[in-house]
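In case it helps, full-length UniProt numbering puts the sequence shown at residues 1 to 692.
Here a beta-carbon is modelled for each residue, glycine too, at the ideal position from N, C-alpha and C.
Take a look at the structure set out below.
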Amino acid sequence: MADYLVIVESPAKAKTIEKYLGKKYEVKASMGHVIDLPKSQMGVNVEDEYAPKYITIRGKGPVLKEIKTAAKKAKRVYLAADPDREGEAIAWHLANSLGIENDAQCRVVFNEITKDAIKESFKHPRTIDMDLVDAQQARRVLDRLVGYNISPLLWKKVKKGLSAGRVQSVAVKLIMDRENEIKNFKPEEYWSIDANFLRDKDSFEGAFYGRNGKKEKLSTKEDVDKILNQVEGDEFNVDKVNKRERRRNPAVPFTTSSLQQEAARKLNFKAKKTMMLAQQLYEGIDLGKEGTTGLITYMRTDSTRISETAQTEAAGYIKDLYGETYLGGKAKQKKTQSQNAQDAHEAVRPTSTLRTPKEMKDFLSRDQYRLYKLIWERFVASQMAPAVMDTMTVHLTNEGVEFRATGSKVKFKGFMKVYVEGNDDNKKEEDKMLPPLEEGMTVKAESINPNQHFTQPPPRYTEARLVKTLEELGIGRPSTYAPTLDTIQRRNYVTLDNKRFVPTELGEIVIQQLQEYFPEIINVDFTVQMEEDLDAVEDGKTQWVKVIDEFYTDFEKRLEKAESEMEEVEIKDEPAGITCEECGHEMVYKMGRYGKFLACSNFPECRNTKPILKEIGVTCPKCKEGNIVERKSKKKRTFYGCDRYPECDFISWDKPISRPCPKCESLLVEKKAKKGTRVECTECDYKEDTQS
């Protein structure tokens, strides 16, 4: 029989930890929270200092009973839930259920699930941190007061199934505001002038800068004509050549937020998927002879701090593989604007640099491997030397008209040997060389090309951009971004169009109602201040009840006003312009739980419904009568089929294109490639070059 009982959240974590602790320890999983507020009611007594009404979660009774039985037999109980607010709250609820004294040193925390980290953490148990517990409790109570009061109101006044929350409402408001910016955007004309220059046999590009050493904007065609009329002949003097060395530092290791952003850019992962995979890598992977081992440190963190042990190991690896010149100095470390307790953690990094992605590949699923590789490369690169670039700027003049040409070349790759941070526009950096040029030389302008442009509206939010914006504004916390983005899509407040968020009609209606009756809920400044107040609870600087009371006093008045004054909103059905094939009445667009769909206007007498199909302009190659439409599988994967289904059962996972194969006249389809798409024939070996 084991002397000690250790309680963690998940079976995977329990399996990994039990291996390290030995036979004297029994490790059981609580399967997350066992105690929580009830789902069927608000569970907060506003008359009694907002006291929460905690109950055993439905279905968790047998789990809690099993833990209690094991605890009675054990000499000592350790609570080893995750090292954050949620983990502290789970530990507190378990301690209360098991009758553990408040001053008992029962709490064990670790940042990584490795043998050394686990054994070290059990040498230093501590009491439960009630400031962390209160911070989690305050957020839970606040979310209940908002959600369980506003949501029923929206159900009654707008549509069943709606919800409102602090962070999700602000996120939808940001998306809606961006859409309004795009709609109201007025393009402004501007011009540029590019030139192709020739020196001996070497050609290079330059761009108009200004006149007489002063930068100049070109707003109209008339501005351009003045410049072109001033240029005489095709010879330009090389007036100045600036050569310099530029150093580029590596990106810091991942925080929760930057991991979500980079996984969205480079791997096309949604935030929810990234966090699910990261949890698996953290809790432990079976590495064969080595057994189950945690591959990354805890993935919910605001810090970029790295332990000296990890830095030393990484330095040894980099020196052995690349040489001493590739070693970096001390990596930059920063905190986010929120000085919260999660900064006690390290950044997200591999638990050992020596477990390379190549060596781990056989033990991981495809997506686990891709995420681990991203985390490993980012961390190793962060410990490497800066890249060194040779840059050159050339000033070219003709009658006072100045063009400038810039070039750069990687002189020393440094960290770029391993990893380069992505960007939202997917722009790739390439060497742009200039020929050897010296002051006093002349070059010939082969062509001078004016180009008309118009300013573009700000881009819609991608998941990465929205996460970055929420973090920069101080709204929510990194651990909440994944469930927030998932919720606003499930509620159909927003949709993704070409991987960019677009507000739905339903989302706009909900935000309009909140704007009128609960403006503070969607006010960025108010939400940021609330987060700071909640962080103050975590830091032990204020009482959670005080923070809640200051919010609820005004909120309650707004709630009463909304109950009496908010009018019911009718979401009108939009005519679809087609008739129902079953009864002859007009079909209409209706708003459902999963978005718009087609339904008969003669409901409930006629219950005919159809999904909205997107035609791609290709005739069905099988029946020659129907049109190919875009459809979604149950797992939301896009495929293509005939609109005459079930009469015609043609389907394709690859997008068909309208022209036939030039070799055999069969169907051509677009296939995804590393760099964009490629076109292939479905019957013969015909292929077309990759399109970027």
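With a CB to CB cut of under 7 Å and the five nearest residues on each side skipped, what residues in its chain are close to residue i?
i, result
"Glu86", "Gln136"
"Thr609", "Phe597, Leu598 and Ala599"
"Arg248", "Pro386, Ala387 and Met389"
"Arg355", "Leu295"
"Gly414", "Tyr326, Met384, Ala385, Pro386, Ala387 and Val388"
"Asp48", "none"
"Lys186", "none"
"Arg612", "Checking the sequence, you will find Ile at residue 612 rather than Arg. The residues are Lys596, Phe597 and Leu598."
"Gln515", "Ile522"
"Lys119", "Tyr20"
"Leu315", "Correcting the residue type first, residue 315 is Ala in the shown sequence and not Leu. Excluding residues within five positions, the ones whose Cβ falls inside 7 Å are Leu327 and Gln383."
Would you list the residues sitting across from residue i in a DSSP beta bridge?
i, result
"Cys600", "Met587"
"Asn242", "Thr393"
"Gln452", "Trp191"
"Arg384", "According to the sequence shown, residue 384 is Met rather than Arg. Note: Met384 sits in a beta bridge opposite Leu327."
"Glu630", "Lys614 and Tyr640"
"Ile35", "Thr56"
"Glu26", "Leu5"
"Ile651", "Gly641"
"residue 725", "Any answer about residue 725 is impossible in this case: the structure gives the chain only from 1 up to 692."
"Cys106", "DSSP output for Cys106 lists no bridge partner at all."
"Asn45", "Ala51"
"Arg211", "Lys214 and Val401"
"Ala445", "Phe197"
"Pro656", "Val669"
"Gly206", "Ala195"
"Ser408", "Thr391 and Lys432"
"Cys681", "Leu668"
"Phe254", "Val348"
"Asp533", "Note: Asp533 sits in no beta bridge, so no partner."
Rounding to the nearest angstrom, what Cα-Cα distance links residue i and residue j in this structure?
i, j, result
"Asn196", "Gly328", "40 Å"
"Tyr282", "Glu112", "7 Å"
"Val6", "Thr127", "15 Å"
"Ile306", "Glu532", "25 Å"
"Leu374", "Gln279", "15 Å"
"Pro83", "Gln311", "22 Å"
"Gln105", "Leu94", "14 Å"
"Ile578", "Met587", "6 Å"
"Asp286", "Lys358", "16 Å"
"Pro575", "Arg366", "45 Å"
"Ser633", "Lys266", "24 Å"
"Lys273", "Asp486", "10 Å"
"Phe650", "Glu615", "14 Å"
"Cys642", "Val502", "28 Å"
"residue 698", "Pro656", "The question about residue 698 has no answer here: the residues shown for the chain are numbered 1 through 692."
"Asp234", "Phe208", "14 Å"
"Ser121", "Arg246", "44 Å"
"Gly206", "Val241", "13 Å"
"Lys214", "Lys411", "31 Å"
"Ala331", "Ala536", "Only weak support exists for where Ala331 lies, its pLDDT of 42 falling under 50; the value from the coordinates is given anyway. Straight-line Cα distance between these residues: approximately 29 Å."
"Tyr25", "Glu18", "7 Å"
"Phe379", "Phe603", "59 Å"
"Trp544", "Glu472", "25 Å"
"Met130", "Leu79", "14 Å"
Please state whether the Cβ-Cβ distance between residue i and residue j is less than 7 Å.
i, j, result
"Val141", "Thr527", "no"
"Tyr493", "Ala562", "no"
"Val252", "Ser352", "no"
"Val401", "Val231", "yes"
"Val172", "Ile488", "yes"
"Tyr4", "Arg76", "yes"
"Tyr481", "Ala164", "no"
"Thr255", "Asp200", "no"
Once you ignore the five residues that flank residue i on each side, which residues in its own chain have a CB closer than 8 Å to its CB?
i, result
"Lys361", "Tyr369"
"Glu399", "Gln230, Val231 and Glu232"
"Thr406", "Thr391, Met392, Thr393, Val394, Lys432 and Leu434"
"Thr397", "Phe236, Asn237, Asp239 and Phe403"
Just to confirm my understanding: we take residue i, look at its own chain, exclude 5 residues before and 5 after, and list those with CB closer than 6 Å. What are they?
i, result
"Val224", "Trp191, Leu218 and Pro450"
"Ala89", "Val133 and Gln136"
"Asn212", "Gly400"
"Trp376", "Pro350 and Pro357"
Pairing CB atoms from the segment 164-184 with CB atoms from the segment 503-521, are three or more of them under 8 Å? yes
With a cut-off of 8 Å, do at least 3 Cβ pairs link the segment 63-75 to the segment 39-46? no
Counting Cβ pairs, one atom from each stretch, are 3 or more of them under 8 Å apart for the segment 453-466 and the segment 493-504? yes
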